[in-house]
Amino acid sequence: MTWSSLLDSSLPKFTQILAALAVFFGFYALAFAAGARIKGNKQNGWALALFLAPGIILALTGLGIPAFQTFIESFKNANSSKWVGFGNYIRAVQDPDLRLAFYNTMAWVIIGPIIVTILGLALATMLNKMKRESIPKSLIFMPMAISFVGGSLIWKLMYQYQEATVPQTGLIGQIMKSLGLPLQHLLLWSPWNNLFLIAVYVWGTTGFAMVILSAAIKNIPQDIEEAAQLDGASGFRLFRSVTVPMVKTTIIVVLTTSMVGTLKLFDVVRTMTGGNFKTDVLSNRMFDEYFVYFNNGRGATLAMFIFLGVLPIIIYNIRSLRAERHH
437 MTWSSLLDSS
447 LPKFTQILAA
457 LAVFFGFYAL
467 AFAAGARIKG
477 NKQNGWALAL
487 FLAPGIILAL
497 TGLGIPAFQT
507 FIESFKNANS
517 SKWVGFGNYI
527 RAVQDPDLRL
537 AFYNTMAWVI
547 IGPIIVTILG
557 LALATMLNKM
567 KRESIPKSLI
577 FMPMAISFVG
587 GSLIWKLMYQ
597 YQEATVPQTG
607 LIGQIMKSLG
617 LPLQHLLLWS
627 PWNNLFLIAV
637 YVWGTTGFAM
647 VILSAAIKNI
657 PQDIEEAAQL
667 DGASGFRLFR
677 SVTVPMVKTT
687 IIVVLTTSMV
697 GTLKLFDVVR
707 TMTGGNFKTD
717 VLSNRMFDEY
727 FVYFNNGRGA
737 TLAMFIFLGV
747 LPIIIYNIRS
757 LRAERHH
């Protein structure tokens, strides 16, 4: 492709972008000019509407409209040419493979976030009392800098299975061989292989939970801890009676955030097993329905199930934060 042909094909797109930016900034220039002429309390309302408008427009165009389109697609057939009513939803409930994906997703949502939150809280509590705490915290947080695809490839090598008669190339296999345990292909060992996949998520997100909870623990007033110590609280009792109640809201935020993350997690399962060996989850199955089987209706239906799973978690999170503010 020559520069001239590339320029000819790209110029209309750049022109459209520049035109859209000109319209956007022109609208705001006129709005600010009109707002400057308004006096009194009306000016505050005008300013509020002015600054909220871009966020509302972007939310509607980027989230609201696609969500509504997905909802409509879930009632249509594979190529979106015919209405099938609740047929996709009924099939999703009756299909044993999809039910397995539901069960696996629930295991991810329950087990993964609980382990992440407990480990994050324990590490934050212990490391906050250490000297040079930044060093171990940086090491624990480091997996957050690696994508789940990269992390999954690392752990897939660690889980690598070899026969007992040959040298082990996987770290886990070598440990099992050294301890005299029978070697097992961990990614094929159903249903425990789901736990080995969840371990990758725990490894990748515990650092996030630790940092957030560590910041919350540092904000606990020192006089509260000193008062509890004067009353005889120490060690685990101090942790249970002071630390946990004082950071309860942060614990809820970390837990719910991790739950939402597991609901939409796709990378680990896709990279390590591809959803085979009874490890499929809703997000991976949704991808397969859309881009492998080209079934828009079923893919949209699974997307709606994921959305319905996220919704109560978000509502509970918002209510918890509001309740905390009222105290």
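Take 437 as the starting number for the sequence shown in my numbering and just add one per residue. Where is the CB? At the ideal position from N, CA and C, for every residue including glycine. In this text, all values refer to a predicted model and were calculated from it rather than measured experimentally.
Consider the C-beta atom of residue i and the heavy atoms of the ligand NAD; say whether any pair is separated by less than 7 Å.
i      : result
Met682 : Only the bare structure without any ligand can be found here, which leaves the ligand NAD out of the picture.
Measure the C-alpha to C-alpha separation of residue i and residue j and round it to an integer number of angstroms.
i      : j      : result
Lys700 : Gln604 : 34 Å
Thr686 : Gly491 : 26 Å
Asn524 : Phe743 : 16 Å
Ile653 : Phe450 : 50 Å
Gly606 : Gly640 : 19 Å
Ala528 : Leu738 : 8 Å
Arg761 : Ile754 : 11 Å
Arg568 : Ser574 : 11 Å
Pro579 : Trp591 : 12 Å
Leu593 : Arg721 : 24 Å
Gly710 : Asn655 : 43 Å
Phe504 : Phe727 : 20 Å
Leu631 : Ala458 : 52 Å
Ile493 : Phe461 : 15 Å
Asp716 : Phe522 : 23 Å
Residue j and residue i - do their beta-carbons sit closer together than 8 Å?
i      : j      : result
Ile608 : Thr692 : no
Ser677 : Leu563 : no
Val690 : Ile648 : yes
Val704 : Ser570 : no
Leu536 : Lys714 : yes
Leu623 : Tyr595 : yes
Phe577 : Gly643 : yes
Ala560 : Met646 : yes
Ile435 : Ile634 : Examination of residue 435 is not possible in this model, given that the chain is present from 437 through 763 alone.
Glu509 : Ser517 : no
If you run the structure through DSSP and keep just helix, strand and coil, what is residue i?
i      : result
Lys714 : coil
Lys700 : coil
Lys518 : coil
Tyr595 : coil
Gln604 : coil
Ile582 : coil
Asp531 : coil
Val683 : coil
Report the partner residues of residue i according to the DSSP bridge assignment.
i      : result
Lys565 : Answer is none; Lys565 lacks a bridge partner.
Lys512 : Trp519
Fill in: Runs of beta strand (DSSP E) lying entirely within the stretch 611-675, each at least 3 residues, in chain order
none
Worksheet entry | Inside the stretch 704-759 only - alpha helix (DSSP H) runs reaching at least 4 residues | 718-723
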